[in-house]
Amino acid sequence: MARWMMVIGLFGSLAAGCGGSKDGCIGENCSGGYECADGNCSLNCDGPDCDMSCDGGGCQMDCAGDTCTASCDGCGCSLTCSAASCDLSCSGNGCTENCTGADECIVSDCTNSCVLGCGGAATCENSCGLASACITN
1 MARWMMVIGL FGSLAAGCGG SKDGCIGENC SGGYECADGN CSLNCDGPDC DMSCDGGGCQ
61 MDCAGDTCTA SCDGCGCSLT CSAASCDLSC SGNGCTENCT GADECIVSDC TNSCVLGCGG
121 AATCENSCGL ASACITN
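FYI, the numbering used here numbers position 28 of the sequence shown as 28, with every residue one higher than the one before it.
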């Protein structure tokens with residue numbers, strides 16, 4: 001447990017270095033697509049389908065429902081997902097995905113330093129460009 005917390009702290013510090021403006025773009029109970037052009041957005045989505053695009057990095061999404069998809073075109077994004085299907089694409093590094101109760105928990109693209117917590121999902125995949133730099137639990 002201490003190792004896991006240390007890893008989260010490490011990636012939290014990586015996320016802090018990813019630019020983008022804090023423009024207060026917050027969505028609650030959203031369904032469908034949500035776009036964050038400058039990064040550092042937070043989205044709470046109770047579905048059924050949640051989709052977030054984060055161009056600047058540093059975004060957070062908490063998601064429930066049927067499907068959750070987050071695309072992070074930067075670094076330091078975080079997806080907390082209790083939907084049936086959870087998918088995070090991180091074209092930068094230092095992204096984190098934590099799933100609970102999901103059938104499918106996937107990091108579909110990551111350069112390095114991505115952490116995936118599958119929470120017992122039947123399908124658990126971490127597609128990492130530098131496999132030794134990513135952690136899958």
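Where a beta carbon is used, it is the ideal one built from N, C-alpha and C, also for glycine. Nothing here was measured: the structure is a model prediction, and the numbers come from that model.
- For Ser-108, the uninterrupted beta strand (DSSP E) segment begins and ends at 104-112.
- Excluding its 5 nearest sequence neighbours in each direction, Ser-71 has C-beta neighbours in its own chain below 6 Å: Ser-53 and Ser-89, listed in chain order.
- In this structure, Asp-46 is the residue among Gly-39, Asp-46, Cys-124 and Asn-112 with its C-alpha nearest to the C-alpha of Asp-66.
- Separation of Ser-85 and Cys-68 (C-alpha to C-alpha, rounded to the nearest whole angstrom) is 6 Å.
- Between Val-107 and Ser-78, the gap from beta carbon to beta carbon reaches 8 Å or more.
- Distances from the alpha-carbon of Gly-92 to those of Gly-129, Thr-100 and Cys-110 put Cys-110 closest.
- Straight across, the Cα-Cα distance linking Cys-41 with Ser-82 is about 19 Å.
- Using a Cβ distance threshold of 8 Å, Cys-105 and Thr-80 do not count as a contacting pair.
- Between Gly-94 and Cys-118 the beta-carbon gap is near 19 Å, outside 8 Å, which marks them as no contact.
- In terms of CA proximity to Gly-58, Asp-73 leads the group Asn-137, Asp-73 and Tyr-34.
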